[in-house]
Amino acid sequence: MSTPRFGQGVDIRRCHRQFAPLESVSLLDPLRDDIQVRTITEAEFPAWERAAALGFGEHTTETRQIQIRGTTEISRTIGAFHNDRIVGTTSAHTFQITVPGGAVPLAYVDWVSVLPTHRRRGILTRMTKHQLADFHERGEAIAGLTATESSIYERFGYGIASWAEHWKIRREHSEMTVAPKIEGHTRFVDPWEAREIWPEIYDSVSPSRLGMFDYTEQWWDAFASDPEHWREGGSKLFHVVFESSNGPEGMVSYRIRNRTEVIVILLLGATVEAEHMLWRHCFGVDLMDSLSASNRPTDDPLPWILAAPRRLERSVRDSLWIRLIDVTNALSSRSYSYDCRLVLRVRDRLCDWNDRRFDIDTSATGAVCKSTTRSPDIVLSVSDLASVYLGGTTLATLQRAGRIEERKTGSVRNFDRAFVTPQYPWTPEF
Ligand SMILES: CC(C)(COP(=O)(O)OP(=O)(O)OC[C@H]1O[C@@H](n2cnc3c(N)ncnc32)[C@H](O)[C@@H]1OP(=O)(O)O)[C@@H](O)C(=O)NCCC(=O)NCCS
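For the sequence shown, position 80 (counting from the first letter as 1) is numbered 76 according to the numbering used here, and the numbering increases by one without interruption.
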């Protein structure tokens, strides 16, 4: 396991003293125009993190600040300041996301919060505009996030790029019909060994799985350190690896809650058989009543392996939201399953460089996408274009929902044939 490098050179106690307590911001303070939105400095990080925690209704600790600092890029970390106090926060992580035909950089938005004392006065709107302009200046094509509420982000041009399933099953209903054809064994590993094995397994899968990020060393450090604030009432993580004669082929990390429930946090195999063996392990933990797993891909084979699939309680919710920061760049950065040429009229209220007509010529190797004055075949919003970008839905569905306009008959069908993907996008998170 690598040496922690979190919060180097930051004296958290000194920084705490440097800022007046956030609670002293008066509810009656007029906001007027005195909100300043800007990138924070290193010294402001502790106050920024504390404001983010308060925004999410949590208290921070020194340990938590050090851990969060490890995955925070200060130059991408934004604060909204009111009378020199931080009242709004957001940041972004630099990831790559797997798209059809390769991977593209993705700015992953995190820690979006506004203090309860300052809500509904446009602070999120100001921070988001600032952030989108920053992404554009950096030449980034795509931003992404997961949302606490699904009604917030469409107004900023984000669209639901994938849905994910949440599962719950009682152990007595977890019989599996198919026996995996694989030789090997499962064994518990300590966090330091999990820290070594997880990235190996993850990186062997992520280049071929749409929607997966390339988590950095800092993120794996954070995961293995298993911070208290990620546990939500569950135990520390248990890590179990499945090994064949070829070495580690899959891994699961889970918690136990109330001594009765296995909560799967991350389960991933290089092969379907390895995943099957790991589910067998999870269902086989004695003394447990039930198992739950959140954020499973909607095309996961497990429901098809269970003897009584109806007993798996499944609920679906929006998972990854993406925002095409630069439509030309984003559309040119993926490959397509059908050759077609279309003119799209994209509507984008916030990023005027996207608010235009695009001539897109798709092929298996990519697309040529440029601005045009030709009449549009399809008219759609930038958020709807984001929703179809990874193949998570089709334009035909959005058309039936009354969200897009087909100006030339047949163009929606051609668009969908080009954008369709062999797999459903999935973004594992921890
Ligand atoms: C969500 C949050 C950041 C909004 O901040 P804010 O400064 O109040 O937002 P704004 O005033 O800029 O509102 C922008 C728009 O979003 C809407 N909106 C804001 N929060 C919303 C919510 N929780 N649900 C639905 N709509 C919301 C506003 O009504 C407003 O709509 P309008 O443009 O039609 O007027 C803030 O409420 C918060 O910190 N919540 C707790 C933490 C959280 O959920 N963060 C989001 C993580 S993804």
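Beta carbons: idealized from backbone N, C-alpha and C, even for Gly.
Taking only three categories from DSSP, how would you classify residue i?
i      : result
GLY140 : strand
SER329 : coil
GLY84  : strand
GLN32  : strand
PHE184 : strand
LEU23  : For LEU23, the predicted model reports a pLDDT of 46, less than 50, meaning its position is unreliable; a value from the coordinates is still stated below. Correct three-state label for LEU23: coil.
CYS336 : strand
VAL378 : helix
ASP106 : strand
PHE411 : helix
SER204 : helix
VAL237 : strand
GLU257 : strand
ILE318 : strand
Give me the Cα-Cα distance between residue i and residue j, rounded to the nearest whole angstrom.
i      : j      : result
ASP357 : GLU189 : 47 Å
GLN32  : ASP412 : 43 Å
ALA270 : PHE238 : 6 Å
PRO223 : LEU233 : 10 Å
ARG399 : GLU38  : 43 Å
PHE219 : GLU402 : 45 Å
TYR211 : LEU50  : 26 Å
SER202 : ASP80  : 42 Å
ILE301 : TRP349 : 48 Å
GLY243 : PRO195 : 14 Å
LEU386 : TYR149 : 18 Å
PHE131 : PRO112 : 27 Å
TYR332 : HIS89  : 27 Å
ALA326 : ILE193 : 32 Å
VAL378 : SER367 : 15 Å
SER329 : GLU136 : 11 Å
THR267 : ARG116 : 47 Å
Under the DSSP definition of a beta bridge, which residues are partnered with residue i?
i      : result
GLY98  : VAL95
LEU263 : VAL248
SER367 : PHE354
MET172 : LEU302
GLY75  : ARG34 and THR85
HIS162 : SER311
ALA289 : TRP163 and VAL260
GLY443 : Because the chain here runs from -3 to 426, residue 443 falls outside it and cannot be looked at.
GLY155 : ILE318
GLU401 : VAL375
Can you find a heavy atom of ligand 3 that lies under 6 Å from the Cβ of residue i?
i      : result
ALA139 : Ligands displayed in this structure: ligand 1; ligand 3 is not among them.
Count Cβ pairs between the stretch 328 to 346 and the stretch 204 to 216 that sit closer than 8 Å; are there 3 or more? no
Examine the Cβ distances between the stretch 130 to 146 and the stretch 99 to 108 and report whether three or more of them are shorter than 8 Å. Yes: at least three Cβ pairs fall under 8 Å.
The stretch 180 to 197 in contact with the stretch 306 to 317 per 3-pair CB rule at 8 Å: no
Say whether the stretch 39 to 46 touches the stretch 119 to 135, bearing in mind that this needs 3 or more beta-carbon pairs closer than 8 Å, one atom from each stretch. No contact exists between the stretch 39 to 46 and the stretch 119 to 135.
Pairs of beta-carbons, one from the stretch 317 to 326 and one from the stretch 145 to 164, closer than 8 Å: are there three or more? yes
With a threshold of 8 Å, are at least 3 pairs of Cβ atoms found where one atom belongs to the stretch 274 to 281 and the other to the stretch 257 to 266? yes
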